[in-house]
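According to my numbering, the sequence shown is numbered sequentially starting from 2.
Each residue gets a CB set at the ideal place from its N, CA and C atoms; glycine is no exception.
Reviewing the structure listed below.
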Amino acid sequence: MEDMNKIVYVVDDDEIFHFIIKKMLVQQDDNLVITSFLCAEEALEQLSSNPQPTLPSLIILDMNMQRMNGWDFIEAYRGLKSSLKNNIPIIMCSSSVDVRDMQKVQHTPELMAYITKPLDKNKMKVIEEYL
2 MEDMNKIVYV VDDDEIFHFI IKKMLVQQDD NLVITSFLCA EEALEQLSSN PQPTLPSLII
62 LDMNMQRMNG WDFIEAYRGL KSSLKNNIPI IMCSSSVDVR DMQKVQHTPE LMAYITKPLD
122 KNKMKVIEEY L
């Protein structure tokens with residue numbers, strides 16, 4: 002790991018999930034800076050206003066949120082990503098085990114992986130691959 006801290010955006014409307022994933026991520030790497038967003042709009046606003054060096058290394062995105070869901074976030078991100086210096090890997094994390102959602106993820110190039118809640122060590126390994 003480089004000396005620089007890596008930034009991870011966690012976009013999820015569940016505060017308990019934020020607490021759990023922060024604990025699990027910091028156990029893997031204490032150089033991570035985890036930025037929590039309870040709604041997708043705030044994460045998009047932060048991405049569009051952020052100076053390029055402070056962009057996240059990874060976005061962990063919930064599928065089912067109020068107002069703007071994970072799929073809406075991906076659509077908005079597509080319009081924004083051409084102005085960003087780096088492609089940011091996105092992992093969708095959801096409690097849904099619907100096969101249609103998993104198939105949609107496979108046809109969404111912005112999404113690197115789909116993991117289901119609750120998190121465990123194997124799912125955290127998937128996240129670690131993209132850090």
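**Item:** 8 Å contact criterion, which residue 117 and residue 98 should meet: CB distance rounded
**Value:** Taking the sequence shown and counting its residues from 1, the one referred to as residue 117 is at position 116. Taking the sequence shown and counting its residues from 1, the one referred to as residue 98 is at position 97. About 6 Å; that satisfies the 8 Å criterion.
**Under the three-state DSSP convention, the category residue 49 falls into** = Taking the first residue of the sequence shown as 1, we reach residue 49 at position 48. Residue state, collapsed to three classes: helix.
**Message:** Does residue 9 pass the burial test, meaning 16 or more other C-beta atoms within 10 Å, or should it be called exposed?
**Reply:** Working through the sequence shown from its first residue, we reach residue 9 at position 8. Buried, since its Cβ has 16 or more Cβ neighbours within 10 Å.
**Prompt:** For the alpha helix (DSSP H) that contains residue 125, what are its first and last residues?
**Reply:** On the sequence shown, residue 125 is found 124 positions in, with the first residue counted as 1. That run of the alpha helix (DSSP H) goes 122 to 130.
**Message:** If contacts are defined as beta-carbon pairs under 8 Å, then residue 112 and residue 91 qualify, I think. What distance do you get, rounded to the angstrom?
**Reply:** By one-based count along the sequence shown, residue 112 stands at place 111. By one-based count along the sequence shown, residue 91 stands at place 90. Right, their Cβ atoms sit about 5 Å apart.
**Prompt:** Can the beta-carbon of residue 85 be found less than 8 Å from the beta-carbon of residue 45?
**Reply:** Residue 85 sits at position 84 when you count from the first residue of the sequence shown. Residue 45 sits at position 44 when you count from the first residue of the sequence shown. The answer is no: Cβ separation not under 8 Å.
**Proximity to residue 114 [Cα-Cα], best of 61, 36 and 12** = Sequence index remark: in the sequence shown, residue 114 carries index 113 (1-based). Measuring from the Cα of residue 114, the nearest candidate turns out to be 61.
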